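> With my numbering as the guide, the letters of the sequence shown map in order to residues 261 to 904.
Just so you know, even glycine gets a beta-carbon here, dropped at the ideal spot from N, CA and C.
Here the structure is a predicted model, which means the values were calculated and not measured.
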Amino acid sequence: MTLPDFEKLGSFYLGKRHDAETDSLTDELVLYDSKDLTTHAVIIGMTGSGKTGLGIGVLEEAALDHIPVIAIDPKGDMGNLLLSFPKLAAEDFRPWVNPRSASDNGQSVDEFAAAQAALWKKGLGEWGQTGDRIKQLRDSVDMAIYTPGSNAGLPVSVLKSFAAPEAALMDDVDLYRERVQATATGILTLLGIDADPVASREHILISRLLDHAWQEGRELDIAALIAAIQSPPFTTIGVMSLDAFFPEKDRFALAMRLNNLLAAPGFEAWMQGEPLSAKNLLYTAEGKPRVSVLSIAHLDDASRMFFVSMLLNEIIAWMRAQPGTSSLRAILYMDEIFGFMPPVANPPSKSLFLTLLKQARAYGLGLVLATQNPVDLDYKGLSNTGTWFIGRLQTERDKARVMEGLEGASQGDFDKQQMERTLAGLGKRRFLLHNVHEDEPVVFGTRWVMSYLAGPLTRDHIRTLMANAQPVAVPGKAEAAKPKQKQLSAAPALPPSIEQYFVPGGDGDVTYFPRLIGGASLIFSNARYHVEDERNALYTVEVEDGPVAVDWENAEPLDLAIEALGDGAVPDASFSELPAAAANAKQYAAWTRDFKRWVRQNETVTLYRNKRFRLTSEPGETEGEFRVRLQDLASEKRDQEIAK
């Protein structure tokens, strides 16, 4: 059997040529040589132009050619790549159709799913595609959705460690410097610190710490980084002493800021999953190519910038370890580059993208960057881009910027007036293909994609898609790794300035574990709600040997009166070993200040308010007790009305 022309390896089937005179598609196929993508591509088009469909079509063709893909997905659309159904059956479409769309069409969900399945089968058939091609797509690559900072998809660990770069990258002075600066900037961006690499002392300190560890061949995990910020392994920065450049108190504040970020609810997801690895994103352990969608739609701007910067760092390191090639080895796709490579500002991602645009060609890594905001692109950087896909544009300003970029990327024979006329006539799903490797530009209509375009995927959608691929947790692993504490027969000696108390012991064998105790007398006063409440609070927290010895966020209430704490231990008790930090008397003043601040933020009085009776509950009164009191009051009011 003779295969269609578009099934030739190395050719991406993009669509059919458009005839401007008849405003219709011809039978001439538009095939794109995959090797041309080593000089990168940009896709530009306003919302509704068909930009996402074109991007998904390009990645489908890459997958059919066994070319691995890393797709950064800020909007949630690229997960649609996993919605390809070889049988084109209604039941396959049903979980992914929009019930609102079904209702708007006057159909049930089942009816709408069947209609979508029929539509896809018809659309594919008109473009010479069948379920067999979809099956070939699914068989050619492994597909997965990763969700950094979330467990909806496959989690990926970014913050477990900042590993030393490969030797090849460290030997390149410029690339190594960019790696250090980008990593430091990414960390500070996550903390909400807009740091200049030259002027910011935070940036300079973290850069020095990363450089010091990496030059020794060591990786820095996040705990080690926090410890190094507090106690750096050097005493001078430039010609100034460390404490003059960055005083100890200020370094501790920076370390606490990083620690507090890690302790924030939900942030542990950044520490979970397989370590961030370009190799693992591009290939399975068995060497099968992968299409890895990195969904970041759920992240805030700072977290997105941090993750993208760390990912680009990792891709550059992987790239530099590869032998050179003129073929397309892999694709890095970004569905919306707005804000990541702006023309004026310099976010950490910008220098990394520019590095890739300049150097990735030699390693067979092709970049495909999509945007609906052409005015936000650095066109000097895109002068390294050989292929431009341009769809409908929204404003004259957009058109002017695109013309500027096209002229910069052309080989000198650029007909500006003709190009302007062509761009003005583009309709939906019509794109101008300007490829420096071809003799002339061509306008084409995009082919029907094999993937079902369900729109942005929600976290629940992603969770459903990746349910069978979630890593299995190993129960008890963390506990097994925790070393047993040494037992002592006498209480550890403490400096006289540290007050030592003992919780009253029970019967039988008693072991004392060292913990820090914080006690406070609290007064709550509010004239509006007539609150005057005073109470005592007692908390206890572990003292650890890590970079942050005491974290009051982990404190537990101690159900004792302060007066009940004893001065001595019960007879024949044993004692757990004392952490070194607990014997340092200088630490206690800082712990006290932190405790006062923590108590003010966490000790509260809950009051209930009833508008009808303009009544507020008493401090310590439960909701149930207050409701009973209100019911009694209501009964009294009712009886008074009856009596009248």
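Quick check on N786: does DSSP put it in helix, strand or coil?
The residue you call residue 786 lines up with position 526 of the sequence shown. N786: strand per DSSP, three-state reduction.
> Please confirm if the region 878-890 is in contact with the region 841-848, defined as three or more CB-CB distances below 8 Å between the two stretches.
No contact exists between the region 878-890 and the region 841-848.
> When DSSP labels each residue in this structure, what does M663 get in the three-state scheme?
Along the sequence shown, read from residue 1 onward, the residue named residue 663 stands at position 403. In this structure, M663 counts as helix in the three-state DSSP scheme.
> Based on Cα-Cα distance, which residue from R478, M570 and T407 lies nearest to L725?
As a working note, residue 725 is residue 465 in the sequence shown. Ranking the options by Cα distance to L725, first place goes to T407.
> Ordered along the chain, which non-local residues of its own chain (more than five positions away) have a Cβ less than 6 Å from that of K610?
In the sequence shown, residue 610 corresponds to position 350, counting from 1. Contacts found: M601.
> Select from K381, T443, E288 and V302 the residue whose C-alpha is nearest the C-alpha of N650.
Your numbering for residue 650 matches position 390 in the sequence shown. Here residue 650 turns out to be Ile, not Asn, going by the sequence shown. It is V302 whose Cα lies nearest to the Cα of I650.
> Residues bridged to E837 by DSSP?
As a first step, residue 837 is located in the sequence shown; it is residue number 577 there, counting from the start. Paired residues: none, contrary to the question.
> Could you tell me which residues DSSP pairs with E794 in its beta bridges?
Indexing the sequence shown from 1 puts residue 794 at position 534. Looking at the DSSP assignment, E794 forms a beta bridge with I783.
> How is the beta strand (DSSP E) around I650 delimited, first residue to last?
What you label residue 650 is simply residue 390 of the sequence shown in a count that begins at 1. First-last of the beta strand (DSSP E) with I650: T647 to I650.
> For the structure I just gave you, are there three or more beta carbon pairs, one from the region 513-522 and one from the region 475-489, closer than 8 Å?
These segments touch.
> What distance in whole Å lies between the Cβ atoms of I591 and I327, which are believed to be in contact at a cut-off of 8 Å?
Locating residue 327 in the sequence shown gives position 67, where the first residue counts as 1. Locating residue 591 in the sequence shown gives position 331, where the first residue counts as 1. Right, their Cβ atoms sit about 6 Å apart.
> Between the Cα of N947 and those of Q678, H697, M679 and E680, spot the shortest distance and give me the residue it belongs to.
Residue 947 lies beyond the range of the chain shown here (261 to 904); nothing can be said about it.
> My parser needs the alpha helix (DSSP H) runs of 4 or more residues fully inside the region 455-519; what are they?
Fully enclosed alpha helix (DSSP H) runs of 4 or longer: 461-475, 482-490 and 502-505.
> In the structure shown, what three-state DSSP assignment does D370 receive?
Here residue 370 refers to the residue found at position 110 of the sequence shown. Helix.
> Could you pull the DSSP bridge partners for M271 from this structure?
Here residue 271 refers to the residue found at position 11 of the sequence shown. In the sequence as presented, Met is not what sits at residue 271; that position holds Ser. Answer by DSSP bridge pairing, in chain order: D293.
> Specify the secondary structure class of A404 as computed by DSSP and reduced to three states.
Here the question's residue 404 lines up with position 144 in the sequence shown. Residue state, collapsed to three classes: strand.
> If I measure Cβ to Cβ from T496 and keep anything under 7 Å in the same chain, skipping five residues before and after, which residues do I get?
By one-based count along the sequence shown, residue 496 stands at place 236. Correct list, in chain order: L502.
> Shortest alpha-carbon distance to R869 belongs to which of R853, H790, E816 and D899?
Here residue 869 refers to the residue found at position 609 of the sequence shown. Answer by Cα proximity: H790.
> Go ahead and pull the three-state DSSP assignment for V628.
Indexing the sequence shown from 1 puts residue 628 at position 368. It is a strand residue.
> Can you give me the C-alpha to C-alpha distance between K509 and E813, rounded to a whole angstrom?
Stepping through the sequence shown from its first residue, residue 509 is reached at position 249. Stepping through the sequence shown from its first residue, residue 813 is reached at position 553. If you take the alpha carbons of K509 and E813, they lie about 20 Å apart.
> Distance, Cα to Cα, A538 vs D293?
By 1-based counting over the sequence shown, the position of residue 538 is 278. By 1-based counting over the sequence shown, the position of residue 293 is 33. Between A538 and D293, the C-alpha separation is close to 25 Å.
> T615 to K381, Cα distance in whole Å?
Sequence index remark: in the sequence shown, residue 615 carries index 355 (1-based). Sequence index remark: in the sequence shown, residue 381 carries index 121 (1-based). Distance between the alpha carbons of T615 and K381: 42 Å.
> N358: buried (16+ other C-beta within 10 angstroms of its C-beta) or exposed?
Translated into positions along the sequence shown, residue 358 becomes position 98. By the neighbour-count rule (16 or more Cβ atoms within 10 Å), N358 is not buried but exposed.
> For V709, collect the residues of the same chain with a Cβ closer than 6 Å to its Cβ; drop the 5 residues on either side in sequence, then sort them by chain order.
Indexing the sequence shown from 1 puts residue 709 at position 449. Cβ within range, chain order: G313, I316 and G317.
> Please state whether DSSP places E281 in a helix, a strand or coil.
For the purposes of this step, residue 281 is taken as the residue at position 21 of the sequence shown. Three-state DSSP puts E281 in coil, outside helix and strand.
> Could you tell me if F704 is buried or exposed, where buried requires 16 or more neighbouring beta carbons within 10 angstroms of its beta carbon?
Start at 1 with the first residue of the sequence shown, and residue 704 comes out as number 444. By the 10 Å Cβ count, F704 comes out buried.
> Applying the 10 Å Cβ sphere with the 16-neighbour rule, what's the burial state of L269?
By one-based count along the sequence shown, residue 269 stands at place 9. When all chains shown are included, L269 counts as exposed.
> Would you say P525 lies against chain C (beta-carbon separation less than 8 Å)?
Looking at the structure shown, chain C is missing, and only one protein chain is on hand.
> How about L627 and N573: do their beta carbons lie closer than 8 Å?
For the purposes of this step, residue 627 is identified with residue 367 of the sequence shown, where counting begins at 1. For the purposes of this step, residue 573 is identified with residue 313 of the sequence shown, where counting begins at 1. Against a cut-off of 8 Å, the Cβ pair of N573 and L627 comes out as no contact.
> Between Y593 and A331, is the Cβ-Cβ spacing less than 8 Å?
For the purposes of this step, residue 593 is taken as the residue at position 333 of the sequence shown. For the purposes of this step, residue 331 is taken as the residue at position 71 of the sequence shown. For Y593 and A331, yes; Cβs fall inside 8 Å.
> What are the boundary residues of the beta strand (DSSP E) that I591 is part of?
In the sequence shown, the residue the question calls residue 591 occupies position 331. It spans A590 to M594 - the beta strand (DSSP E) in which I591 sits, taken as one unbroken run.
> Looking only at its chain, what residues have a beta carbon closer than 7 Å to the beta carbon of I464, apart from the 5 residues adjacent to it on each side?
Looking up residue 464 in the sequence shown gives position 204. Closer than 7 Å at the Cβ level, and outside the excluded window around I464, lie I497.
> State the DSSP-derived secondary structure class of Q891, mapped to helix, strand or coil.
Numbered from 1 along the sequence shown, position 631 holds the residue referred to as residue 891. It is helical.
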